[in-house]
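Number of protein chains: 2
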Amino acid sequence: MHAAIEHAHRDRDAAVERLLALLAIPSVSTQSEHADDIRSAASLLAERMRTAGLTGVRVDETEGHPVVYGERMVDDGRPTVLIYGHYDVQPPDPLALWTTPPFEPRVVDDVVFARGAADDKGQLSAHLEAIAAWHAVGGTPTNVKVFLEGEEEIGSPNLGAWLRTHASELQADVAVISDSAMIARGTPSIVYGLRGLAYMEVIARGPNQDLHSGLYGGAVLNPAGALARIIAGLQGEDGRVTIPGFYDRVRPLDDDERAELAAVPFDTTSFSKAAGRAAGWGEAGFSLKERIGARPSLDVNGLVSGWTGEGAKTVLPSSATAKISMRLVPDQDPGEIARLFEQHVRALAPEGLTIEVRSMTGAWPAVCPRDIPAMRAAESAYEVGFGRAPVFTREGGSIPVVADMAEILGLPTVLMGFGLPDDNLHAPNEKFELGQFFGGIDTCIAFHAALAEAHGTS
Amino acid sequence: MHAAIEHAHRDRDAAVERLLALLAIPSVSTQSEHADDIRSAASLLAERMRTAGLTGVRVDETEGHPVVYGERMVDDGRPTVLIYGHYDVQPPDPLALWTTPPFEPRVVDDVVFARGAADDKGQLSAHLEAIAAWHAVGGTPTNVKVFLEGEEEIGSPNLGAWLRTHASELQADVAVISDSAMIARGTPSIVYGLRGLAYMEVIARGPNQDLHSGLYGGAVLNPAGALARIIAGLQGEDGRVTIPGFYDRVRPLDDDERAELAAVPFDTTSFSKAAGRAAGWGEAGFSLKERIGARPSLDVNGLVSGWTGEGAKTVLPSSATAKISMRLVPDQDPGEIARLFEQHVRALAPEGLTIEVRSMTGAWPAVCPRDIPAMRAAESAYEVGFGRAPVFTREGGSIPVVADMAEILGLPTVLMGFGLPDDNLHAPNEKFELGQFFGGIDTCIAFHAALAEAHGTS
Numbered sequence: 012m013h014a015a016i017e018h019a020h021r022d023r024d025a026a027v028e029r030l031l032a033l034l035a036i037p038s039v040s041t042q043s044e045h046a047d048d049i050r051s052a053a054s055l056l057a058e059r060m061r062t063a064g065l066t067g068v069r070v071d072e073t074e075g076h077p078v079v080y081g082e083r084m085v086d087d088g089r090p091t092v093l094i095y096g097h098y099d100v101q102p103p104d105p106l107a108l109w110t111t112p113p114f115e116p117r118v119v120d121d122v123v124f125a126r127g128a129a130d131d132k133g134q135l136s137a138h139l140e141a142i143a144a145w146h147a148v149g150g151t152p153t154n155v156k157v158f159l160e161g162e163e164e165i166g167s168p169n170l171g172a173w174l175r176t177h178a179s180e181l182q183a184d185v186a187v188i189s190d191s192a193m194i195a196r197g198t199p200s201i202v203y204g205l206r207g208l209a210y211m212e213v214i215a216r217g218p219n220q221d222l223h224s225g226l227y228g229g230a231v232l233n234p235a236g237a238l239a240r241i242i243a244g245l246q247g248e249d250g251r252v253t254i255p256g257f258y259d260r261v262r263p264l265d266d267d268e269r270a271e272l273a274a275v276p277f278d279t280t281s282f283s284k285a286a287g288r289a290a291g292w293g294e295a296g297f298s299l300k301e302r303i304g305a306r307p308s309l310d311v312n313g314l315v316s317g318w319t320g321e322g323a324k325t326v327l328p329s330s331a332t333a334k335i336s337m338r339l340v341p342d343q344d345p346g347e348i349a350r351l352f353e354q355h356v357r358a359l360a361p362e363g364l365t366i367e368v369r370s371m372t373g374a375w376p377a378v379c380p381r382d383i384p385a386m387r388a389a390e391s392a393y394e395v396g397f398g399r400a401p402v403f404t405r406e407g408g409s410i411p412v413v414a415d416m417a418e419i420l421g422l423p424t425v426l427m428g429f430g431l432p433d434d435n436l437h438a439p440n441e442k443f444e445l446g447q448f449f450g451g452i453d454t455c456i457a458f459h460a461a462l463a464e465a466h467g468t469s
Numbered sequence: 012m013h014a015a016i017e018h019a020h021r022d023r024d025a026a027v028e029r030l031l032a033l034l035a036i037p038s039v040s041t042q043s044e045h046a047d048d049i050r051s052a053a054s055l056l057a058e059r060m061r062t063a064g065l066t067g068v069r070v071d072e073t074e075g076h077p078v079v080y081g082e083r084m085v086d087d088g089r090p091t092v093l094i095y096g097h098y099d100v101q102p103p104d105p106l107a108l109w110t111t112p113p114f115e116p117r118v119v120d121d122v123v124f125a126r127g128a129a130d131d132k133g134q135l136s137a138h139l140e141a142i143a144a145w146h147a148v149g150g151t152p153t154n155v156k157v158f159l160e161g162e163e164e165i166g167s168p169n170l171g172a173w174l175r176t177h178a179s180e181l182q183a184d185v186a187v188i189s190d191s192a193m194i195a196r197g198t199p200s201i202v203y204g205l206r207g208l209a210y211m212e213v214i215a216r217g218p219n220q221d222l223h224s225g226l227y228g229g230a231v232l233n234p235a236g237a238l239a240r241i242i243a244g245l246q247g248e249d250g251r252v253t254i255p256g257f258y259d260r261v262r263p264l265d266d267d268e269r270a271e272l273a274a275v276p277f278d279t280t281s282f283s284k285a286a287g288r289a290a291g292w293g294e295a296g297f298s299l300k301e302r303i304g305a306r307p308s309l310d311v312n313g314l315v316s317g318w319t320g321e322g323a324k325t326v327l328p329s330s331a332t333a334k335i336s337m338r339l340v341p342d343q344d345p346g347e348i349a350r351l352f353e354q355h356v357r358a359l360a361p362e363g364l365t366i367e368v369r370s371m372t373g374a375w376p377a378v379c380p381r382d383i384p385a386m387r388a389a390e391s392a393y394e395v396g397f398g399r400a401p402v403f404t405r406e407g408g409s410i411p412v413v414a415d416m417a418e419i420l421g422l423p424t425v426l427m428g429f430g431l432p433d434d435n436l437h438a439p440n441e442k443f444e445l446g447q448f449f450g451g452i453d454t455c456i457a458f459h460a461a462l463a464e465a466h467g468t469s
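Chains as they are written, first to last, in this note's numbering: chain A, 12 to 469; chain B, 12 to 469.
What follows is the structure, encoded as structure tokens:
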């Protein structure tokens, strides 16, 4: 292990260059104009896997964007780790708020700025760099399987089918994903709970065309106003969701878990800096950490209707659209929540509107087991990489593949995150700090050693 | 008069060509990128005025877009008519819904399709063609003053100052505006009541930047959701405005006026075709015609926040913007309504939002006198142009200059409209029918004769 870590330390400048090259590819999965960029990123990663000593490397087609796969099988007696990452990124909008262009990555004061820096290109690169370092000194002490998908940011619509097709090939002892954040700089953490997601689009259609608000206003139902009233009927002032049945399957937090969550350190400074005046809001009776990690939520992600340009246009719009998503906790079912949402929207809609409700993406919430050898291996690996044992916490985001790993492959997952809470995920000026990248590489290197040791095969 | 009408009939093809040339100029007043087009339209109209025999033609600068002025002074003993029009147009968006490009005017089956065809380039052209026809046979029997502004669609912010500066030069017996619609094809009408306008923009700001809805959702106030709840607090399900004090100055409709409005024919077929399922909505206790013409209303004209592109983006937006306008009736004061609106929005806004409320344009409601010689002249002119005497009605739109004419110049206004209710004003595929254009030219020609006769100077 020490030889691999020494090698990685000598190779840091080159590792940063490799990360920047990957970040320069605008592999935005939600926009069809970037389909070629997605393919370029997949090809580059396949080449990286080969260089890192993985074999059987291939780019698998799916109904959507491809999956890149490679493996290193040492010995059936050794533990096998299945590593997942995603090479697609969120759209960079609003572009005007970026200090440097999102796909022209820059390193400023040991911080990499680019779309995808932390989510997830920087974190998946830590794994590839660790495997490459082991390869330079003789290879990992574990069996390794790596798969990287290109549709995480659009809800992984084709990953389930790919996992089912390759289920026997993907058999392993544990899955590892690095696509989350540590609690704070210097405070490593392992996320053991993730929220699920039900992402909906509501289109309210009224008049057959845009109308003059003077000639028709007061006698024609305005779909933008009506949609606002529908949205207002989805949650209370404090955010508590008012969709009937929404909370029926929510597992109550017991006192032990509340106490444990309360003890986890939390970077309120970063949180408040990002949230500004809008912090301090949320469902009555729950702490900030509970609201984010252990309670479901509903957010309007986008709104558009009528005239959105400069100045005044007296239009009575023909339609209005909202994107609305709900974060879910065990045991909420994203399909059921989507149905309850649609029922309630239709119940709130007035006569005179034609309502279209589309379910765009769904993901199950997940809670990972904490009493397995891989979890202990991850704990000791963080001590090597960041000098401290991690704390265990729950996070508000969704990583749909965690539920798929459990359901389709029967695998527990260890979420070994190297990001920071202020990395501006899905926002302008996304960043990944080099200290986190280098610590992440060392942690990944140490994990293979610790996992082999935990299985008595080091 | 007959000679002028005969001349106009012979000149119809050329008049259509002149209208198309004017419509080809994208003189959109609300978008600064069209400033040069505004100037081109003003220059073209100044040239038309000169050709029509007007003198002292000039393009007056203002703080915004220029005013084009010209006159024909025959004799102090004759009545003087002040003709107003506007050469600016609404933005053409959404472009995708136009059958032909908005600034490449086409004549299809005797209908001109283009942005501004009816509002107001086609209607102001009817006046210029009428003056030109009189010029060809010796000149109008009236004194004529014409002024054309370039800021009507943005609320005429600089017209008041221009009118005040030129008040003595603009003295006349009556003002005439053709910027409204007849009730139906074959049913001429004179609008004697117009609604006012208070157009507001509300910007709700929450977090300091766009956030990841998973990492922050449930613990940070979402400005898009909050803005929806604010909008929902502005009016009831039936559109009745819930802003305290909003109705305090609304003049009640008396039984006579209600009976008279009820007797006016109304093209419910065109109305229903445009409004679709959204028709049949409005304030309880009032008829459709009352809701449009004699009651105030509130409409959301535009909404934008967060992700509005293709697919799903799990963003918790940092801000949300709504454009909201209210149509006013006598004796509502647009300045007072703007203040009441802002107060109520601030009262509805939750802690954690920074709210900006901007008053974008305002216009007073107006009711025109019906017992003046010019009104009788207009009645007989419609009989010449359209074969029927007009009915009198109230309209939902706003023509701010009507209130300015009364207040600054002390002038009554006759609203001699030649449009039709289905002309798609402010909407895709705006049109002006050639039958309306030709009938409008004849009506304008006849109006000068009838006004001179009413004053005993024909």
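Glycine included, every Cβ here is placed at the ideal spot set by N, Cα and C.
- In summary, the residues of the stretch 145-173 of chain B whose CB is separated from some CB of chain A by less than 9 Å are E164, I165, G166, in the order they occur in the chain.
- Just so you know, the alpha carbons of A331(A) and G317(A) end up roughly 7 Å apart.
- Here Q246(B) carries a strand assignment [DSSP, helix/strand/coil].
- For the stretch 353-369 of chain B, the set of residues with a beta-carbon nearer than 9 Å to any beta-carbon of chain A comprises P361, E362, G363, L364, T365, in chain order.
- C-alpha of P116(A) to C-alpha of E406(B): approximately 58 Å in a straight line.
- For T372(A), the enclosing beta strand (DSSP E) covers residues 365-374.
- At least one beta carbon of chain B lies nearer than 9 Å to the beta carbon of M371(A).
- The stretch 126-185 of chain B is shown to contain whole alpha helix (DSSP H) runs of 4 or more residues at 133-147, 170-176, in chain order.
- In the three-state reduction of the DSSP assignment, V123(A) falls in the strand class.
- V340(B) and D87(B) have their alpha carbons spaced roughly 37 Å apart.
- Listed by position along chain A, the residues whose Cβ is nearer than 9 Å to that of D121(B) form an empty set, because the closest Cβ is around 22 Å away.
- For the stretch 189-205 of chain B, the set of positions with a beta-carbon nearer than 8 Å to some beta-carbon of chain A reads A192 in chain order.
- Segment contact: the stretch 56-75 of chain B against the stretch 132-149 of chain B, three or more CB-CB distances shorter than 8 Å; contact assigned.
- Going by C-alpha positions, T372(A) is about 15 Å away from Q343(A).
- T73(B) places its beta carbon less than 9 Å from that of N169(B).
- When DSSP states are grouped into helix, strand and coil, R206(B) belongs to the coil group.
- The C-alpha of V78(A) lies about 31 Å from the C-alpha of R21(A).
- Within the stretch 291-352 of chain B, the complete beta strand (DSSP E) segments of 3 residues or longer fall at 308-317, 330-339, listed in chain order.
- Setting aside the 5 residues that flank it on each side, H138(B) is surrounded in the same chain by I94, C455, each with a C-beta closer than 6 Å to its C-beta; the list follows chain order.
- A distance below 7 Å between beta-carbons, with the five flanking residues on each side excluded, links A53(B) to the following residues of its chain, in chain order: V70, P77, V79, Y98, G161.
- Per DSSP, the unbroken beta strand (DSSP E) holding M427(B) starts and ends at 424-427.
- Across the stretch 285-312 of chain A, CB contacts with chain B closer than 8 Å involve A285, A286, G287, R288, A289, A290, G291, W292, G293, E294, L299, R302, I303, R306, P307, S308, L309, D310, V311, N312, in sequence order along the chain.
- The criterion of a C-beta distance shorter than 9 Å is satisfied by L327(A) and N312(B).
- Annotated three-state conformation of T62(B) is helix, per DSSP.
- Of all C-beta pairs linking the stretch 439-457 of chain A to the stretch 205-222 of chain A, fewer than three are shorter than 8 Å, placing the two stretches out of contact.
- Residue contact check for L106(B) against chain A: no CB pair falls below 9 Å.
- Three or more Cβ pairs closer than 8 Å define a contact, and the stretch 357-376 of chain B falls short of that threshold against the stretch 390-398 of chain B.
- Secondary-structure assignment with DSSP links F443(B) through a beta bridge to V123(B).
- With its beta carbon less than 9 Å from one in chain B, W318(A) belongs to the interface.
- Within the stretch 328-340 of chain B, those residues whose Cβ lies closer than 9 Å to any Cβ of chain A are, in chain order, P328, S329, A331, T332, A333, K334, I335, S336, M337, R338.
- Within the same chain, Cβ atoms closer than 8 Å to the Cβ of L31(B) are found at P116, V118, V123, A125, the five residues on either side in sequence being excluded.
- For the pair E163(A) and H13(A), the Cα-to-Cα distance works out to about 34 Å.
- Between G446(B) and V202(B), the CB-CB gap reaches or exceeds 9 Å.
- Within the stretch 378-403 of chain A, the complete alpha helix (DSSP H) segments at least 4 residues long are 384-397, listed from N- to C-terminus.
- A Cβ-Cβ distance of about 4 Å is found for the pair E212(B) and R369(B), placing them in contact under the 8 Å criterion.
- At a beta-carbon threshold of 9 Å, the residues of chain B lying near D221(A) are D104, P105, L108, N435, H437, A438, P439, ordered along the chain.
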